[in-house]
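Written out below as structure tokens is the structure these notes cover.
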Amino acid sequence: MQFKDYYETLGVEPTAGEAEIKTAYRRLARKYHPDVSKEAGAEERFKAVNEAYEVLRDKDKRAEYDHLRAHGYRPGEEFRPPPGFGGGFGGGGFRFEQDFGGGGFSDFFESLFGGGRGPGRQQAPQGDVRARLAVSLEQAYAGGKQRINVDGRTLEVNIPAGIAPGQVIRLAGQGRRGGPRPSDLLLEVDYRPHAQFEVDGRNVLYTLPLAPWQAALGTTVSVPTLGGQVELRVPPDSDTGRKLRLRGRGLPGKPAAGDQIVEIEVRAPRPTTDAQKELYRQMAEAFDFDPGRG
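Using the numbering used here, read the sequence shown as starting at 840 and increasing by one per residue.
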């Protein structure tokens, strides 16, 4: 088993901040998402990017990982966790199946953090066992079933539509074995990082890239939501940072579902021909515009 360089996977320096890591992740996740990428090996790259982000986005996991780097472990070297390493992150026999486009985290990740997000197993009051269960946003939106592997037992977990991070799913009698009675397994839900969406409460956040002429003249575009593609009308004179609302397109909940907030990001194309460069020169002459003047 080789030591992995999660910073190299995301293309960031070890000194990178939270915002830089998130930006790098979103760019690579969009690039290699199995549903859209045609590149060879995209699915494996997508899983590697998710695994790296899973570690670097979490301050505790990142601290554990940086501790190993600081003590001489280097990418590509043979790796064996030091005795007692990992503290509360140890798997304790719990291993959760993942579905980042198929397959789970690597053996290297599981050797550090126990396979799954956060603590692998903790003893809760009354002898119950508490663990964390990562679900996709699609599962949180539509509900469904997810299989987990617990101490060699395969269990099926029912994910209710609209479940929120921090909520707990109780599997009666599926916790610690032995004793006067089997204890319960308490699964605390967390959301997996998503290639396209972020979450704010029950609202889903999405960044929509537009060409300058689309933003200036207005357009109608197809926008992804957790419930499928929808048509969105972009008004003329839109600019980067403008937010449009798709009501009811967020996560389910009571008394009402959340919304999807679409934030516009205007991207200028790079001119590659003389004709395209000439068009930019004409625009420079036609517009009295200096973004630095605010």
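Cβ atoms here follow ideal geometry from the backbone N, Cα and C, with glycine treated the same way.
If you draw a straight line from the Cα of T1046 to the Cα of I1103, it is about 6 Å long.
R865 counts as buried, since no fewer than 16 other beta carbons sit within 10 angstroms of its beta carbon. Rounded to the nearest angstrom, the gap between the Cα atoms of V1060 and E1070 is 6 Å. In the three-state scheme derived from DSSP, where H, G and I count as helix and E and B as strand, A973 is classed as strand. Looking only at K1093, W1052, Q1099, the smallest Cα-Cα distance to Q1068 is reached by Q1099. Scanning the stretch 984-1024 for uninterrupted beta strand (DSSP E) segments of 3 residues or longer gives 992-998, 1007-1010, listed from N- to C-terminal end. Taking a cut-off of 8 Å on C-beta distances, the stretch 1081-1089 does not touch the stretch 1018-1027, as fewer than three cross pairs fall below it. For V1101, the closest of N997, L1044, E893 by C-alpha to C-alpha distance is L1044. Per the C-alpha coordinates, the member of D899, W1052, A887 positioned closest to D946 is A887. In the three-state reduction of the DSSP assignment, P873 falls in the coil class, being assigned neither a helical nor a strand state.
K1082 carries a strand assignment under DSSP once its states are collapsed to helix, strand and coil. Judged by pairs of C-beta atoms under 8 Å, the stretch 1000-1008 does not touch the stretch 840-850, as fewer than three such pairs exist.
Across the set R992, G1012, Q985, A1011, the C-alpha of Q985 shows the shortest separation from the C-alpha of P999.
The beta carbon of P873 sits closer than 7 Å to those of A881, E882, F885, G940, all from its chain and outside the five residues before and after it, given in chain order.
Membership of T848 in the alpha helix (DSSP H) is indicated by the continuous run 845-849. Just so you know, the alpha carbons of A1054 and L976 end up roughly 29 Å apart. DSSP places P1091 in the coil class of the three-state scheme, outside both helix and strand. For D1039, the enclosing beta strand (DSSP E) has its first and last residue at 1036-1039. Spatial neighbours of D967 in its own chain (CB-CB distance under 6 Å, excluding positions within 5 residues in sequence) are listed in chain order as G1014, S1022, D1023, L1025.
One alpha carbon belongs to G1097, the other to R992, and they sit about 36 Å apart.
L1044 carries a strand assignment under DSSP once its states are collapsed to helix, strand and coil. Taken through DSSP and simplified to helix, strand or coil, D1113 comes out as helix. Per DSSP, the unbroken beta strand (DSSP E) holding E1070 starts and ends at 1069-1073.
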